[in-house]
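> Before I ask anything, let me first share the structure, which is written out below as structure tokens.
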Amino acid sequence: MSLGRPLQHNPEKALKAAVQAFWLSGYHHTSMQDLLDAMQLSRSSLYQSFGNKETLFLLALTRYREELLATLNTALDQETSAWQFIEGLLLRTAQQAQSEQAALGCLIFNSATELGDRGTPVSDAAVQSVQSITQFFVKVVEKAQLEGSIAQERDVQSAAYFLTLSMSGLRMLLKSGASQQQAEQLVGNILRGLR
């Protein structure tokens with residue numbers, strides 16, 4: 432039985448390029464030709480390895496989400512407190528003002544805004560990704576409450592949604608050209624609202 436021709440490309444490198452392409456232009460504005468160019472693949476190689484555009488987007492968004500959550504969990508583990516993690520995350524985001532990173536925004540929030548909640552596989556994946564971010568913040572808020580930096584009477588789920596909303600709003604403002612000073616003022620308001 433033939434195993435077929437061996438892959439002539441690095442699937443990890445190709446998927447990383449797809450993530451960047453979708454991140455730069457969004458799902459609808461990224462054409463198959465854009466993906467072929469970014470991934471440096473022939474059409475047949477792309478379909479053989481990743482399927483169609485929808486399947487590739489689902490893989491790319493999953494990879495982005497997994498890497499982001501791994502980075503966030505590592506940062507949380509390395510901080511001396513959950514509050515310092517929250518403060519550091521928001522301030523580091525604000526300090527990206529007017530950078531290439533700021534102009535890209537966040538692939539998860541970008542995708543949720545672009546795709547909405549339409550019941551399609553790609554929109555469902557975007558919604559699930561936002562929910563994954565919120566679930567991470569649930570863990571952060573619970574830890575902060577145990578440490579005494581967020582009031583015990585604060586509803587955990589509501590506070591986690593507040594952090595998700597704050598991060599998505601901060602990313603959107605930075606993407607639209609807000610200055611570092613404006614972003615840091617917003618961070619101050621967010622932190623006061625969370626207490």
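So the sequence shown is numbered by the working numbering: it starts at 432 and just counts up by one. Even glycine gets a Cβ: it sits at the ideal position worked out from N, Cα and C. All figures in this text were calculated on a predicted structure; none of them were measured in a lab.
#1: Determine contact between the segment 485-501 and the segment 549-560, defined as no fewer than three beta-carbon pairs at a distance below 8 Å.
#2: My understanding is that arginine 623 touches alanine 582, with C-beta atoms under 8 Å, so please give their C-beta distance in whole angstroms.
#3: Using the beta-carbon count (16 or more within 10 Å), is alanine 501 buried or exposed?
#4: Buried or exposed for leucine 596, please, with buried defined as at least 16 other CB atoms from any protein chain shown within 10 angstroms of its CB.
#5: Determine the closest residue to asparagine 620 out of Gly608, Ser607 and Gly600, with distance taken between C-alpha atoms.
#6: Of the choices Asn441, Leu546 and Leu605, whose alpha-carbon is the least far from that of phenylalanine 488?
#7: Can you tell me which of the three DSSP states aspartate 586 falls into?
#8: Just reading off the alpha helix (DSSP H) that threonine 461 is part of, what are its end residues?
#9: Could you pull out every residue in the same chain whose Cβ sits closer than 8 Å to the Cβ of phenylalanine 516, ignoring the five residues on either side in sequence?
#10: Would the beta-carbon of glutamate 525 fall within 9 Å of that of glutamine 611?
#11: Quick check on DSSP: helix, strand or coil for arginine 623?
#12: Over the uninterrupted alpha helix (DSSP H) stretch that includes threonine 511, give me the two end residues.
#13: Could you check the C-alpha separation between tyrosine 478 and glycine 579 for me, to the nearest Å?
#14: What are the start and end residues of the alpha helix (DSSP H) that includes glutamine 479?
#15: Hey, is serine 473's beta-carbon within less than 9 Å of any beta-carbon in chain B?
#16: Taking only the alpha-carbon atoms, compute the straight-line gap between proline 442 and serine 607 and give it to the nearest angstrom.
#17: When the Cα atoms are used, what is the spatial distance from tryptophan 454 to leucine 538?
#18: Which one of Gln616, Phe567 and Ser530 has the shortest CA to CA distance from valine 587?
Let me spell this out:
#1: yes
#2: Looking up residue 623 in the sequence shown gives position 192. Looking up residue 582 in the sequence shown gives position 151. Incorrect: roughly 13 Å between the Cβ atoms, too far for contact.
#3: The count along the sequence shown starts at 1 and reaches residue 501 at position 70. So alanine 501 ends up on the exposed side.
#4: For this step, residue 596 is matched to residue 165 along the sequence shown. Answer is exposed; the Cβ neighbour count stays below 16.
#5: Here residue 620 refers to the residue found at position 189 of the sequence shown. Answer by Cα proximity: Gly600.
#6: Here residue 488 refers to the residue found at position 57 when the sequence shown is read from its first residue. Of Asn441, Leu546 and Leu605, the residue nearest in Cα terms is Leu546.
#7: Indexing the sequence shown from 1 puts residue 586 at position 155. DSSP places aspartate 586 in coil when its eight states are reduced to three.
#8: One-based indexing of the sequence shown puts residue 461 at position 30. Note, threonine 461: premise wrong, no alpha helix (DSSP H); not H, not E.
#9: Within the sequence shown, residue 516 is the residue found at index 85, counting from 1. Excluding sequence neighbours, phenylalanine 516 sits near Ala506, Leu507, Glu510 and Val571.
#10: As a first step, residue 525 is located in the sequence shown; it is residue number 94 there, counting from the start. As a first step, residue 611 is located in the sequence shown; it is residue number 180 there, counting from the start. The question names glutamate, but residue 525 is alanine in the sequence shown. Yes. Within cutoff.
#11: As a first step, residue 623 must be located in the sequence shown, where it is residue number 192. Correct three-state label for arginine 623: helix.
#12: Reading the sequence shown from its first residue, position 80 is the one you call residue 511. Premise fails: threonine 511 is in no alpha helix (DSSP H) and is neither H nor E.
#13: Counting from 1 along the sequence shown, the entry for residue 478 is found at position 47. Counting from 1 along the sequence shown, the entry for residue 579 is found at position 148. When rounded, the distance between both Cα atoms is 52 Å.
#14: In the sequence shown, residue 479 corresponds to position 48, counting from 1. Note, glutamine 479: alpha helix (DSSP H), 474-481.
#15: Going by chain labels, chain B is absent from the structure shown, which holds only one protein chain.
#16: Numbered from its first residue, the sequence shown carries residue 442 at position 11. Numbered from its first residue, the sequence shown carries residue 607 at position 176. Approximately 33 Å between the Cα atoms of the pair.
#17: Start at 1 with the first residue of the sequence shown, and residue 454 comes out as number 23. Start at 1 with the first residue of the sequence shown, and residue 538 comes out as number 107. Answer to the nearest angstrom: the Cα atoms are 5 Å apart.
#18: Within the sequence shown, numbered from 1, the residue matching residue 587 stands at position 156. Nearest option by C-alpha distance: Phe567.
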